[in-house]
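> Below are the structure tokens for one structure; questions will follow.
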Amino acid sequence: MTILLIDNYDSFTYNLYQMTQALTEEPVEVFRNDAIDFEKVKTLSPSRIILSPGPGHPAVDKDFGVCRDILEKYDELNVPLLGVCLGHQGLVHTFGGAVTKAPAIVHGKTSMVDVLSPSPLLENLPNPFEAMRYHSLVAADEKFPDVLQILARDKTHNLIMAVRHREKPLYGVQFHPESIGTPQGTNLLRNFIHAC
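Residue numbers (my numbering): 1 to 196.
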């Protein structure tokens with residue numbers, strides 16, 4: 001078994017890789033979002049999938065690459081999946097939600113995040129917890145998909161910071177768990193690997 005990490009051309013992907021690999025004996029394999037297709041993803045038969053941060057918008061094919069197929073054809077995989085930043089936005093977008101400009105661009109800023117609902121992903125994290133953010137887009141509250149549940153919001157602007165699918169092991173976080181500015185990031189990734 002392997003954990004598959006899709007790199008959306010983000011400079012933080014290998015931080016995410018290193019943190020994930022340190023938490024499991026399973027190998028973590030990294031592929032750029034245009035260097036692998038959905039059939040290859042199925043052939044790898046990963047135990048878990050992580051969709052990395054990255055520039056751009058999840059509605060743009062070149063920005064999101066194979067991640068769109070992974071989410072749209074998820075039932076053919078049916079393994080726990082975590083979307084980070086762009087990956088999180090793509091999860092919301094795939095299920096019919098809107099991804100819009102944030103009220104303010106945040107680049108390397110921490111926020112306090114309120115946990116609203118219990119979930120395996122955020123289990124045993126303090127409430128609130130501090131999280132590092134790098135983004136100009138957010139999942140919008142307007143037309144938020146019924147199949148998804150909002151798990152957390154930031155304290156300052158009440159923006160959506162974490163979601164889950166109500167019936168499938170699909171999770172998304174807007175913030176960067178791999179950053180030193182997210183002190184609970186290791187615990188969150190441990191939860192994803194061992195509890196989700």
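Don't be surprised by glycine CBs; every beta carbon is placed ideally from N, CA and C.
How would you write the range of the beta strand (DSSP E) that arginine 199 sits in, first residue to last?
No information on residue 199 is available, as it lies outside the stretch 1 to 196 that the chain covers here.
> Helix, strand or coil for histidine 135, going by three-state DSSP, please let me know.
Strand at histidine 135.
> How many Å lie between proline 53 and methionine 19 at the Cα?
Taking the straight line joining both Cα atoms gives about 15 Å.
> Could you pull the start and end residues of the beta strand (DSSP E) that lysine 90 belongs to?
First, the amino acid is wrong: residue 90 is glycine here, not lysine. Taken as a continuous stretch (DSSP letters only), glycine 90 belongs to no beta strand (DSSP E), being part of the alpha helix (DSSP H) at 86-94.
> For the candidate residues His93, Asn187, Thr186, whose alpha-carbon lies nearest to that of glutamate 142?
Among His93, Asn187, Thr186, the Cα nearest to that of glutamate 142 belongs to His93.
> As an exercise, report each continuous beta strand (DSSP E) stretch of at least 3 residues that is fully enclosed by the segment 46-73, in chain order.
Taking only runs of at least 3 residues, the beta strand (DSSP E) segments lying wholly in the segment 46-73 are 48-51.
> In the DSSP assignment, find the unbroken alpha helix (DSSP H) run with tyrosine 171 in it and report its ends.
First-last for tyrosine 171: 170-173, but that is the beta strand (DSSP E), not the alpha helix (DSSP H).
> For the beta strand (DSSP E) containing alanine 152, name the first residue and the last one.
Counting along the chain, the beta strand (DSSP E) containing alanine 152 begins and ends at 148-154.
> Terminal residues of the continuous alpha helix (DSSP H) containing lysine 42?
Taken as a continuous stretch (DSSP letters only), the alpha helix (DSSP H) holding lysine 42 covers 38-44.
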